[in-house]
Structures are given as structure tokens and as C-alpha cells.
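Trainee: Residues in the sequence shown are numbered consecutively from 155, following this note's numbering.
Glycine is no exception: its CB is placed at the ideal position from the N, C-alpha and C atoms.
The structure is given below, and queries will be raised subsequently.
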Amino acid sequence: MQPISDELNAKLCKQLEYYFSDYNLHTNAFIKDLITKDNGWIRFETLNTFNRLKQLVDNNSHELHEWFKNLTFNSDLIEVNVSDEKVRRRPDRPLPPIDEALKEYNERTVHLDGFPVGSAYEDLMQWLQTYGSVEYMEMRYKKTKTGQAFKGCLFCTYTYKSMADSVLNESETKFGDKEVLKENKSRYFERKHEFVAKCRAIRAEKKAERKASGEVMDTQLPEVVIPIRSTILKIKDYPKEMTFQEISEHFKPMATVKYVLKVEAMNSCFVRIHGKPDAEAVLTRMKVAGDDEDRDGFHRVS
């Protein structure tokens, strides 16, 4: 196996640190549960299954495991036990309260919009890194008929707030020849909440106007009666030697039989009768007052 390049090694180390970051541990229930066991250690073989790490080495699990076994890098966030093949967040870096962590994380995160929808992850990351060290980048996607497609916007979290501010304070930000719209992550969600509240207010106002004008509302529409097209009869304790054809022939003089299903384990059969009137006629004929058994030897009809 060829040695991993310094560039790839840096990417793998950065991704590994992200898994143990304040924000990820507060929002990733799976990893948060893992660090509650074994004094916070997570084994290499578990980390070896994490998608983003696998993508960085083109899904070569063997190469990734070898990288873990030879892992040596200085980090003030995580520590590595190569002999026992596991990693954990440093005990002297306890997880801060969630409100404090999210506030600090959002201050370092910017929402950027206006990228070409065909942009590649590596190209976007390279451009973002011109403003500072990127802790995490999340491309936003939308669902399509064939899968999903990049929406042209993303969240980028920088290592320090000053790096995020350098993007936000720039007079004009361009990716190639395209201008990029930018805002703090907290402001992005404030704007989205304001938009949703405005839409709800408009809908409520229109509904009130329709009600005042006497327009028929959905709740005032007449009830729609859906006709019952068929009924299923469950019959217990039928003669087991009877075949599907014989059961069907038994009911034909009384109703139109759609299908017959025998469930021998339940000692029952299910007969689908066309139309509710036909089913009621069958029940009337089969049920005998004071006796569960019908004229033809069947029992317990429901």
C-alpha cells in the first residue's frame, strides 16, 4: 500500500476531530452514545465504518484501518491509543452545555448561496479555505426524481469566529464570476422563521376573509359516502377436507364469491363476498337462532 499523502492525512485528521467536536457530539446521537462507554474510547473498527472517512480514501477500508494503526498527530481535542486501536475526546476537554456550544458553533458558521449546482465538493472546500481553516462544510441538497441534487447553497463552519467574520464582512464575495450571498447561520434561521410566520399569517387572513364572505370551507363540504364494494367473512371450524372450489361452490347460490383463503393453522377460512347486501344475506342464512352451527355444518361466522 502506498503511503498516504500529507494532504490526505490532514483531511482525515480534520474529519476525525470533527466527529469529537462540541457541535457533533451534541447533535449526533450515535457517537454521543458511544462515548458513554469504555471511558469515551471508540475503536478503530467502528470509526472505519464512518462514511465521510471512507469517502476520503475511496471506500478503501483496509487503507483506512492502516492509517489508524499508524496515526500520530498532535491534537488538543482528541487522543489516540494505537496499541489498543481506539480514539477518544481528551478528558481535559469536557463537553460544554448544549446552549453554549450551539451559540458558539453558530457564530463560526456562515450560510452561503449562489454556487453553480454542478460544483464539486473539493472545489468548494478549496475556495472556502482561502478564508481560513474549515472545520466542517455541509452542502445542501434537494430531492429529485432520480435522487438528489445540490441546491447551490451550503453551511461552512470555520475554526474561529474571526474567519467566519472575514467572509461576512467582505464587501463582495464571488465564486468564480458568480456573486455569493452570505449571512450568519443564526440570521439564516431567523429569516426562515420570519418567512414561515409571515406565510402562516397570510393563510390565516385569507381563511378569515373567505369565512366572512360566506365562502364554503373545506369543513363545510358534504360528507362523501364511499360504497362498500365487498365484505370478508371469517368462518371457523369448517370441514377441513373441503377444497377451495367446494367452499366457493357452497356460497355461490347465496352470493358472488371473489376469493377464498384457507388458514389451516387457525382452523379458519376467509371468504370475500361482493357487496354488503350479499354478505348480509349469507349471514342471515348461516346464523341459526340459539345455535352457532349453520344448516350446512359450518360454525362461528363473523
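Tell me whether the beta-carbon of Leu225 lies closer than 7 Å to the beta-carbon of Phe174.
Mentor: no
Trainee: By DSSP's criteria, Glu337 is part of a beta bridge. Which residues make up the other side?
Mentor: His265
Trainee: Indicate the three-state DSSP secondary structure (helix, strand or coil) for Lys299 in the structure shown.
Mentor: coil
Trainee: Roughly how many whole angstroms lie between the Cα atoms of Arg449 and Arg439?
Mentor: Only weak support exists for where Arg449 lies, its pLDDT of 46 falling under 50; the value from the coordinates is given anyway. For Arg449 and Arg439, the distance between alpha carbons rounds to 8 Å.
Trainee: Under 7 Å between the Cβ atoms of Ser320 and Tyr285?
Mentor: A distance below 7 Å separates the beta carbons of Ser320 and Tyr285.
Trainee: Mapping the DSSP letters down to three states, classify Arg357 as helix, strand or coil.
Mentor: helix
Trainee: Express the C-alpha separation of Lys336 and Ser273 in angstroms, rounding to a whole number.
Mentor: 17 Å
Trainee: How many whole angstroms separate the CB atoms of Cys310 and Val236, which I take to be in contact at a CB cut-off of 8 Å?
Mentor: Their Cβ separation, rounded to whole angstroms, is 32 Å, which puts Cys310 and Val236 out of contact at 8 Å.
Trainee: Have a look at Asn163 and Pro270 and give me their C-alpha separation to the nearest angstrom.
Mentor: 29 Å
Trainee: Using a threshold of 7 Å, state whether the C-beta atoms of Leu166 and Leu201 are closer than that.
Mentor: no
Trainee: In chain order, what are the residue ranges of uninterrupted beta strand (DSSP E) at least 3 long that sit wholly in the region 301-326?
Mentor: 301-312
Trainee: In terms of residues, what are the limits of the alpha helix (DSSP H) holding Arg206?
Mentor: Asn205 to Leu210
Trainee: Looking at the structure shown, is Ser215 part of a helix, part of a strand, or coil, going by DSSP?
Mentor: helix
Trainee: What number of angstroms, rounded off, separates the C-alpha of Ala303 from the C-alpha of Lys297?
Mentor: Answer to the nearest angstrom: the Cα atoms are 7 Å apart.
Trainee: Per DSSP, Met291 forms a beta bridge with which residues?
Mentor: Cys310
Trainee: What would DSSP say about Glu233, mapped onto helix, strand or coil?
Mentor: strand
Trainee: Phe198: buried (16+ other C-beta within 10 angstroms of its C-beta) or exposed?
Mentor: buried
Trainee: Classify Ser273 as helix, strand or coil using the three-state DSSP reduction.
Mentor: coil
Trainee: Tell me, which residues are paired with Val241 by DSSP?
Mentor: Partner(s): Ile196 and Val234.
Trainee: What residues are listed by DSSP as bridge partners for Cys423?
Mentor: Ile389 and Lys416
Trainee: For Ser456 and Thr410, I'd like the C-alpha separation in whole angstroms.
Mentor: Bear in mind that a pLDDT of 49 at Ser456, under 50, signals an unreliable position, so the model cannot answer this.
Trainee: First and last residue of the alpha helix (DSSP H) that includes Asp187?
Mentor: Ala183 to Leu188
Trainee: Starting from the C-beta of Tyr295, find all residues in its chain whose C-beta is less than 8 Å away, skip the five residues before and the five after it, and write them out in chain order.
Mentor: Contacts found: Gln302, Ala303, Phe304 and Lys305.
Trainee: Could you tell me the boundaries of the alpha helix (DSSP H) in which Asp160 lies?
Mentor: Asp160 to Tyr173
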